[in-house]
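Accompanying notes for the structure given below.
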């Protein structure tokens, strides 16, 4: 895996959160995060993160993260922790537990 | 910043590479990565990473990473190392130096 190395520039974002907003056609066997509402949830997450005032966070839309069946998927880097975020309530719990309290929203974690 | 914690699931991807494919209207003061050709470069990167056979890598399109002026931008996680990748040659150098040789493509690094 990729570890940080001597001489690497400092991290640009303390928390870089990627929310999948990939959309597949209705009826596709894998489904897609956007078909499960991820675009609105990304927008809500952006707004809420800003309101919470957590510094140096980026909420980022992403193309397919390839864990579609478990979505709507979110991954937080650099720690590489994945969540299923399927409601505004789940967004609130993720932001509070992970970004504010710097722990984990355990009940939302994707299986390994 | 976000560190890995006891009990975190193992990393799902050894290298998770995000290439910005955000497009702004022509003439926008910040420009955009897609206006500088990032969509084709992402496609090329996907194909070349597959050809190189590096295991457990994901080349991912991303919405705006917000370092537009320095783009086309790519960030590799979990290490959080950023590159400017503006040609297929740059893609080849990034993949070889970072993913295959597990070092850095120093001449492509974004400034801190």
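Residue numbers (the working numbering), protein chains in the order written: chain V, 548 to 659; chain G, 548 to 659. Ideal placement from N, C-alpha and C gives every residue a C-beta, glycine not left out.
Between residue 656 (chain V) and chain G, is any beta-carbon pair separated by less than 8 Å? On the first chain, position 109 is the one that residue 656 (chain V) refers to. So, interface residue.
Hey, quick one: how far does the beta strand (DSSP E) through residue 566 (chain G) stretch, first residue to last? Translated into the one-based positions of the second chain, residue 566 (chain G) becomes position 19. Its beta strand (DSSP E) spans residues 562-567.
With 16 other Cβ atoms within 10 Å as the buried cut-off, status of residue 647 (chain G): For the purposes of this step, residue 647 (chain G) is taken as residue 100 along the second chain, with counting starting at 1. Counting Cβ neighbours within 10 Å, residue 647 (chain G) comes out exposed, since fewer than 16 surround it.
Nearest neighbour of residue 609 (chain G), chosen from G:557, G:581, G:568, G:620 [CA to CA]: Mapped onto the second chain, residue 609 (chain G) falls at position 62. Cα-wise, what sits closest to residue 609 (chain G) is G:568.
For residue 609 (chain V), which residues in chain G fall below 9 Å Cβ to Cβ? Residue numbering aside, residue 609 (chain V) sits at position 62 when the first chain is read from its first letter. Per Cβ cutoff of 9 Å: 565, 607, 608, 609, 610.
Own chain, CB closer than 8 Å to residue 554 (chain V), minus 5 neighbours either side, in chain order: Mapped onto the first chain, residue 554 (chain V) falls at position 7. Here the set comprises nothing.
Spatial neighbours of residue 638 (chain V) within its chain, please: C-beta separation below 8 Å, excluding the five flanking residues on both sides. Here residue 638 (chain V) refers to the residue found at position 91 of the first chain. Around residue 638 (chain V): 588, 591, 592, 595, 632.
Considering Cα atoms alone, identify which of G:656, G:551, G:651, G:620 is closest to residue 552 (chain V). To locate residue 552 (chain V), count along the first chain from 1; it is residue 5. Taking only the C-alpha atoms, the option nearest residue 552 (chain V) is G:651.
Close-in-space but distant-in-sequence residues of the same chain around residue 560 (chain V) (CB under 7 Å, 5 per side omitted): Along the first chain, one-based indexing puts residue 560 (chain V) at 13. Once the five neighbours on either side are set aside, the close Cβ partners of residue 560 (chain V) are 603, 604, 605.
With 7 Å as the C-beta to C-beta threshold (strictly closer), list the residues of the region 616-635 of chain G near chain V in chain order. 623, 624, 625, 626, 627, 628, 629
Just how far apart, CA to CA, sit residue 619 (chain G) and residue 655 (chain V)? Sequence index remark: in the second chain, residue 619 (chain G) carries index 72 (1-based). Sequence index remark: in the first chain, residue 655 (chain V) carries index 108 (1-based). Computed Cα separation, rounded: 33 Å.
Any heavy atom of the ligand ADP within a distance shorter than 7 Å of the CB on residue 598 (chain V)? Ligands in the displayed structure: none, and consequently the ligand ADP is not present.
Considering just the uninterrupted stretch of the alpha helix (DSSP H) at residue 594 (chain V), what are its terminal residues? The sequence position of residue 594 (chain V) within the first chain is 47, counting from 1. Its alpha helix (DSSP H) spans residues 585-599.
Which of helix, strand or coil DSSP assigns to residue 620 (chain G): Counting from 1 along the second chain, the entry for residue 620 (chain G) is found at position 73. Three-state DSSP puts residue 620 (chain G) in a strand.
Cβ-Cβ distance between residue 629 (chain G) and residue 599 (chain G) below 8 Å: By one-based count along the second chain, residue 629 (chain G) stands at place 82. By one-based count along the second chain, residue 599 (chain G) stands at place 52. Going by C-beta atoms, residue 629 (chain G) is not nearer than 8 Å to residue 599 (chain G).
Out of G:642, G:627, G:645, G:644, point me to the one whose CA is closest to residue 659 (chain G)'s CA. Position 112 of the second chain, counted from the start, is the residue given in the question as residue 659 (chain G). Closest by alpha carbon: G:627.
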